[in-house]
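Asks: If you read the sequences in order, they're chains A and B. Position in the first sequence (first residue = 1) + 1265 = the numbering used here. Position in the second sequence (first residue = 1) + 1 = the numbering used here. Cβ atoms here follow ideal geometry from the backbone N, Cα and C, with glycine treated the same way. Predicted model, so just to flag it, every value in this text is computed and none were measured.
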Amino acid sequence: MSDILVETEGKVGIVTLNRPKALNALSIPVMDAVAEALGGFDRDPSINAMVLAGLPKSFAAGADIGEMKDITGGAAAEKKLARHLSHWDKIGNLKKPVIAAVSGFCLGGGCELAMACDMIVASETAVFGQPEVLIGVMPGAGGTQRLTKIVGKNVSMEMNLTGRKLSAREALSLGLVSKVVPIESFLSEAIKMAHIIAAQPTLAVQAAKAAVLAAVDSKLSEGLEFERRSFFRLFDSNDQKEGMKAFFEKRKPVWSGN
Amino acid sequence: MTEIATQELLSETKDGVLTLTLNRPEVLNALTMGMMKGIKDALKAAASDKGVKAVILAASGRAFCAGADLGDLKKRQAVKSFSLGDELRDHFNPLVAQIRALEKPVIGAINGLAAGAGASIVLASDLKICAEKATFLNAFVRVGLVPDSGMTYSLPRFAGYSVALEHMWLAKPVTSAQALSWGWVNKVVPAESVLAEARLMAAELAKMPPLALALTKRAVNRSLEAPSLDDQMEYEAQLQEILGRTKDHAEGVTAFLEKRPAQFIGE
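1) Exposed or buried, residue 1276/A, counting other C-beta atoms within 10 Å across all chains shown (16 or more means buried)?
2) In terms of DSSP beta bridges, what is residue 131/B paired with?
3) For a test of the three-state rule: what should DSSP assign to residue 1384/A, helix, strand or coil?
4) Are there 16 or more other CB atoms within 10 angstroms of the CB of residue 6/B, so buried, or fewer, so exposed?
5) Using a Cβ-Cβ cut-off of 7 Å (strictly less than) and excluding sequence neighbours within five positions of residue 1345/A, which residues of its own chain qualify?
6) Listing by chain order, which chain B residues have their CB less than 8 Å from the CB of residue 1447/A?
7) If you measure between the beta carbons of residue 84/B and residue 23/B, is that distance less than 8 Å?
8) If you measure from the CB of residue 1498/A, is any heavy atom of the ligand SAH nearer than 7 Å?
9) Under 8 Å, Cβ to Cβ, is there at least one residue of chain B near residue 1450/A?
10) Can we say the stretch 1461–1473 of chain A touches the stretch 1437–1447 of chain A, given the rule of at least three CB pairs closer than 8 Å?
11) Where do the ends of the beta strand (DSSP E) carrying residue 60/B lie?
12) State the DSSP-derived secondary structure class of residue 1235/A, mapped to helix, strand or coil.
13) So the candidates are 1476/A, 1279/A, 1283/A, 1274/A; which of them puts its Cα closest to the Cα of residue 1268/A?
14) Compute the Euclidean distance between the alpha carbons of residue 204/B and residue 16/B, then round it to the nearest angstrom.
15) Within a Cβ cutoff of 7 Å, which residues of the same chain sit near residue 1510/A, ignoring the five residues on either side of it in sequence?
16) Candidates 102/B, 256/B, 162/B, 176/B: which alpha carbon is nearest residue 113/B's?
17) Does DSSP put residue 80/B in a helix, a strand or coil?
18) Entirely within the stretch 1426–1487 of chain A and at least 3 residues each: give me those beta strand (DSSP E) ranges in chain order.
19) Report yes or no: do three or more beta-carbon pairs, one from the stretch 99–115 of chain B and one from the stretch 153–161 of chain B, lie closer than 8 Å?
20) When the distance is taken between beta carbons, is residue 192/B closer than 8 Å to residue 134/B?
21) For residue 111/B, does the count of other Cβ atoms within 10 angstroms reach 16, so buried, or fall short, so exposed?
22) Which of the three DSSP states is assigned to residue 253/B in this structure?
23) Given this structure, state the Cα-to-Cα distance separating residue 1358/A from residue 1311/A, to the nearest angstrom.
24) On the three-state DSSP scale, how would you describe residue 15/B?
25) For residue 1486/A, count neighbouring C-beta atoms within 10 Å of its own C-beta (all shown protein chains included) and say buried if the count is 16 or more, exposed if not.
26) Measuring CA to CA, which of 1309/A, 1289/A, 1316/A is closest to residue 1453/A?
27) Considering residue 1315/A, what are the terminal residues of the beta strand (DSSP E) in which it resides?
28) Looking at C-beta atoms only, is the number of pairs between the stretch 209–216 of chain B and the stretch 174–190 of chain B that lie closer than 8 Å three or more?
29) On the DSSP letters alone, give me the boundaries of the beta strand (DSSP E) that residue 1367/A sits inside.
30) With the cut-off set at 8 Å, would you say residue 137/B and residue 115/B are in Cβ contact?
31) Using alpha carbons as the reference points, say which of 1406/A, 1387/A, 1499/A, 1307/A lies closest to residue 1395/A.
32) Across which residues does DSSP place residue 136/B in a beta bridge pair?
33) Would you please state the rounded distance, in angstroms, between the beta carbons of residue 1451/A and residue 1387/A? I believe it to be under 8 Å.
34) Identify whether residue 266/B lies in helix, strand or coil by the three-state DSSP scheme.
35) Taking residue 220/B as part of the alpha helix (DSSP H), name the residues at either end of that continuous run.
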């Protein structure tokens, strides 16, 4: 059995973390494979959206502590883990939308991975947290940064400093997840959402994604400028013409993707 | 049929029904750590055992449960680091939560007095058969504490604000007749028939499609906290989508059209 499963369904690429015995711990080989699979879909012109799923019991319980416990010294940690941790950044920078389908444990590196995706569909059993402090470290793949930008400073502080976990409902109320569904349907719901996105005009979707990410990463005036430029640029696309024409003709648009 | 008998808690599985019996009649089944762990372990095993279709919580002797064993508690309280809050978080709260989270019917067979945590555990059960002579008591106030293990959440929802406070502030017992009128219990019968009635109800439930029972319990529990009708209806739609693909749904429809009793398999 392979550690990750890679499949496609129409224009949606699906990557499933599949190490049930390790509760989907994100080891170096697993993250190499995940980054490669998602990167492949990002470059594949037949794919418009992606789903990164875990298993019902665990999205990912964290990094693989076994790989880290014997590292001594900051320099050695950097040497061993810098490339590994850069996978989270790479996933956060993919051009096409990625939906995380989360059920069960979504902790540490797992929570950071889900947050590196563009949105999260969660099952009712999902539990989110950054409990690194409890093992003597802190998050190293976005847990203090992305979490703070999503839920705000004080809740992020509490989670990072005490290891407190959020239930799916709390995560919903804090805006960490978009939707909470029964455990049986978290994956189908995420795939459904991916299909909805995949059916939209791809240039507009990708430009909007880039603009939302710019909002997270820049000050308002720069973000607005970026948005305005992207907006104008879409008027060079065929899908803009088709979309607006179809709107007036009261029919469904037929997207060409350019 | 399996039988694991420890002194404090009896466990028996028969015809798809797991019966857990509190068994310290000489002290009105006061709860020890061992009994609570026994119930938790048994419920955990039942959760993944397809052979268990329903659970009955019963008790030996004249009372259901007098609450936490205060002697046992006093001993542990002597330790400096003891925390009543953690006592609840570690032992009582998880048990109550586990009863509600178990996706199978849990029936309380209340043969007599249910006090304190004993009353809370009964309240957490899904269905309750109650002896005429049974009473419910929360006397926490007499020892300077608040009712716990979910009592202050559940009782106001059943009995209303003022009656709940009267019961808790004045340690005023609730009779079986009151409990029935509030919808706190399903049925009141003579004490000697409580277990038999619970078994009849369990046997009936054991014939129902298990997934539908499970998701109905989930939905009803969720409704207590649902933000709106629209939100809960969307949740029902999600569950229906899940159940609509089950074999038991197909069997139920086919059996109805063929005018025969359905045979559910839990898939």
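Replies: If we stick to the structure as given:
1) Answer is buried; the Cβ neighbour count reaches 16.
2) Answer by DSSP bridge pairing, in chain order: 111/B, 189/B.
3) Secondary structure of residue 1384/A (DSSP, three-state): strand.
4) With a pLDDT of only 46 at residue 6/B, under 50, the local geometry of the prediction cannot be trusted, and no value is derived from it.
5) Correct list, in chain order: 1336.
6) For residue 1447/A, the chain B residues whose Cβ falls inside 8 Å of its Cβ are 216, 219, 236, 239, 240, 243, in order along the chain.
7) Using a Cβ distance threshold of 8 Å, residue 84/B and residue 23/B do not count as a contacting pair.
8) The ligand content of the structure shown is nil, which means the ligand SAH is not present either.
9) Interface criterion met: the Cβ of residue 1450/A is under 8 Å from a Cβ in chain B.
10) In short, these stretches do not touch, since the Cβ pair count stays below three.
11) It spans 55–60 - the beta strand (DSSP E) in which residue 60/B sits, taken as one unbroken run.
12) Any question about residue 1235/A goes unanswered here, given that chain A covers just 1266 to 1523.
13) Of the candidates 1476/A, 1279/A, 1283/A, 1274/A, the one whose C-alpha sits nearest the C-alpha of residue 1268/A is 1283/A.
14) Rounded to the nearest angstrom, the two C-alpha atoms are 8 Å apart.
15) In its own chain, leaving out the 5 sequence neighbours on each side, no residue places its CB closer than 7 Å to the CB of residue 1510/A.
16) Out of 102/B, 256/B, 162/B, 176/B, 176/B has the C-alpha closest to the C-alpha of residue 113/B.
17) Looking at residue 80/B - three-state DSSP - the assignment turns out to be coil, as it is neither helix nor strand.
18) DSSP runs (the beta strand (DSSP E)) wholly in the stretch 1426–1487 of chain A: 1444–1446.
19) Cβ pair count under 8 Å is below three, so no.
20) Yes.
21) Buried, by the Cβ-count rule.
22) For residue 253/B, the three-state secondary structure derived from DSSP is helix.
23) In this structure, the alpha-carbon of residue 1358/A lies about 19 Å from that of residue 1311/A.
24) In the structure shown, residue 15/B sits in a strand (DSSP, three-state: E or B).
25) Exposed: under 16 other Cβ atoms inside 10 Å.
26) Of 1309/A, 1289/A, 1316/A, the smallest CA-CA separation from residue 1453/A is found for 1316/A.
27) That run of the beta strand (DSSP E) goes 1314–1318.
28) Three or more Cβ pairs closer than 8 Å define a contact, and the stretch 209–216 of chain B falls short of that threshold against the stretch 174–190 of chain B.
29) Where residue 1367/A is concerned, the enclosing beta strand (DSSP E) stretches over 1363–1367.
30) Yes, these two residues count as a Cβ contact at 8 Å.
31) Considering only alpha carbons, the answer is 1406/A.
32) Assignment of beta-bridge partners to residue 136/B by DSSP yields 176/B.
33) Confirmed, about 7 Å.
34) The answer is coil: DSSP assigns residue 266/B none of H, G, I, E or B.
35) Residue 220/B -> alpha helix (DSSP H) spans 211–224.
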